[in-house]
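Working notes, structure below.
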Amino acid sequence: ANIGLKWNLKNGGTNHVVKDTIDIITSGKAMVVGYDVTHPTNMSNDKSAAPSLVGMVASVDKDLGQWPAIAWEQPSRQEMLGDEFTEKFRPRLLLWRQRNQNRLPEFIIIYRDGVSEGPFTQVLTTELPMIRKACDQLYLPKQHPRLSIIVSVKPRPAHYAVLLGEIFREKYGVGDLAADQLEKLTHNLCYLFGRATKTVSICPSADYADIVCERARVHRPALFDISDAASTTTSASQPVAPSNNVQVHPNLQDTMYYI
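Pasting the structure below:
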């Protein structure tokens, strides 16, 4: 069953659908995004030689069944995303437009994984402006999307902190209804993890992003799979060259190749 579920996802299919979800999703006007940063661990060579990896997924359909992805490198141990985030986010919007009758999403709901409570403010001051900059490049003035950013807290993966709530507060007001609708969406998403037949404890958009990072690590054997013998001859001042990195084929870049 697991192989069949993965095969269907990689071929553009949808495994699960939740019918009783919030109207923001059923309207077909929302893109849900998840991204995560992972750092080199259990490395036999000097950790400074290996970069941190960023994985990002974004939905392209109102059933939230397909989550194409992108992965890239950034300086080692850097938790906040760098300036390239804008250029990586923009293609997610273009792909959503391509799959949705040439319309851009009116709502963008972002699940940010891998952030402890300390850097919450940095997400808003560093990463949010880059997301808005990507939107500036594609949207007409006064037609920008509403954004919500939710963080999956590291010590408690089932606990979420809302850093920005433009969508739910504007639509449902300030109070229990807005919180209930966000909670319902997050709960429903946990039934949509494509390679499982049961609910999962972490929102799939964040979980998928983590899987993308794992796949990106496998695609960089020169950086992450150095043997003990090779590591003894590698100097800390001479980072390993990623000469044999595996590149995702262009025909697969807009699919769930990572699953």
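My numbering puts the first residue of the sequence shown at 12, with every later residue one more than the last.
Virtual Cβ for every residue (Gly too), placed ideally from N, Cα, C.
Only a predicted model underlies this, so the values are computations on that prediction, with no experimental measurement involved.
Residues that ARG123 bridges to, as DSSP identifies them | BP columns for ARG123 point to TYR46 and VAL162.
SER63: first and last residue of the uninterrupted beta strand (DSSP E) it sits in | 63-69 is the extent of the beta strand (DSSP E) around SER63.
Using the beta-carbon count (16 or more within 10 Å), is GLN109 buried or exposed?
-> Under this definition GLN109 is an exposed residue.
Output yes or no for whether 7 Å exceeds the beta carbon distance between ASP74 and THR132.
-> No, these two residues do not count as a Cβ contact at 7 Å.
Would you call the CB atoms of ALA220 and ASP47 closer than 7 Å?
-> Closer than 7 Å, so yes.
Residue interval of the beta strand (DSSP E) (run including ALA80) | Note, ALA80: beta strand (DSSP E), 80-85.
Name the residue from LYS209, MET141 and PRO116 whose alpha carbon lies nearest to the alpha carbon of ALA12.
-> Selected option, being the one with the closest Cα: LYS209.
What span of residues does the alpha helix (DSSP H) with TYR171 cover, start to end?
-> For TYR171, there is no enclosing alpha helix (DSSP H); the enclosing beta strand (DSSP E) has its first and last residue at 171-176.
Straight-line CA distance for GLU194 to ASN255?
-> Computed Cα separation, rounded: 43 Å.
Consult DSSP for VAL251 and reduce its assignment to one of helix, strand or coil.
-> Interpretation of VAL251 is limited by its pLDDT of 45, a score under 50 that renders its predicted location unreliable; the figure taken from the coordinates is listed afterwards. Reduced to three states, the DSSP call for VAL251 is coil.
Segment contact flag, the stretch 59-69 with the stretch 84-95, C-beta cutoff 8 Å, min 3 pairs | Contact between the stretch 59-69 and the stretch 84-95 is present, because at least three Cβ pairs lie under 8 Å.
Among SER127, LEU92 and GLU177, nearest to ILE120 - alpha-carbon criterion = Ranked by how close their Cα comes to the Cα of ILE120, the residues SER127, LEU92 and GLU177 have GLU177 in first place.
Limits of the unbroken alpha helix (DSSP H) element including ASN199 | Looking at the DSSP string, the run of the alpha helix (DSSP H) that includes ASN199 is 187-200.
For LEU203 and ASP31, the rounded distance between their alpha carbons | For ASP31 and LEU203, the gap between their C-alpha atoms comes out near 13 Å.
Quick one: using the 10 Å Cβ neighbour count with 16 as the cut-off for buried, is HIS260 buried or exposed?
-> Under the 10 Å beta carbon count, HIS260 is surrounded by fewer than 16 other beta carbons and is classified as exposed.
Selected residue, minimal CA-CA separation from ARG3, among GLN112, ASP94 and GLU128 | Limits of the chain in this structure are 12 at one end and 270 at the other, which puts residue 3 out of reach.
Going by C-alpha distance, which of ARG231, PRO215 and ALA233 is nearest GLN77?
-> Checking every option, the nearest Cα to that of GLN77 belongs to PRO215.
Leaving out the 5 sequence neighbours to the left and right, which residues in its chain are closer than 6 Å to ALA145 when beta-carbon positions are compared?
-> Once the five neighbours on either side are set aside, the close Cβ partners of ALA145 are THR97, PHE100 and ARG101.
Given VAL164, which residues of its chain have a CB within under 8 Å of its CB, disregarding the five upstream and five downstream residues?
-> Cβ within range, chain order: VAL126, SER127, GLU128, HIS170, TYR171 and ALA172.
Indicate the three-state DSSP secondary structure (helix, strand or coil) for PHE118 in the structure shown.
-> The DSSP-derived three-state label of PHE118 is strand.
Between the beta-carbon of ILE270 and the beta-carbon of LYS17, is there less than 7 Å?
-> Yes, these two residues count as a Cβ contact at 7 Å.
Using beta-carbon positions only, say whether ILE160 and LEU151 come within less than 7 Å of one another.
-> Contact: no.
Do PRO116 and MET42 come within 7 Å of each other at the CB atom, strictly closer than that value?
-> Contact annotation: MET42 and PRO116 have beta-carbon atoms nearer than 7 Å.
Have a look at the DSSP bridge pairing and note the partners of ALA41.
-> In the DSSP assignment, ALA41 forms a beta bridge with PHE118.
Presumed contact (8 Å Cβ cut-off) between VAL185 and CYS201, rounded CB distance | Not a contact, Cβ separation roughly 26 Å.
Could you tell me the distance, in whole angstroms, from the CA atom of ASN262 to the CA atom of GLN148?
-> Those two C-alpha atoms are separated by around 25 Å.
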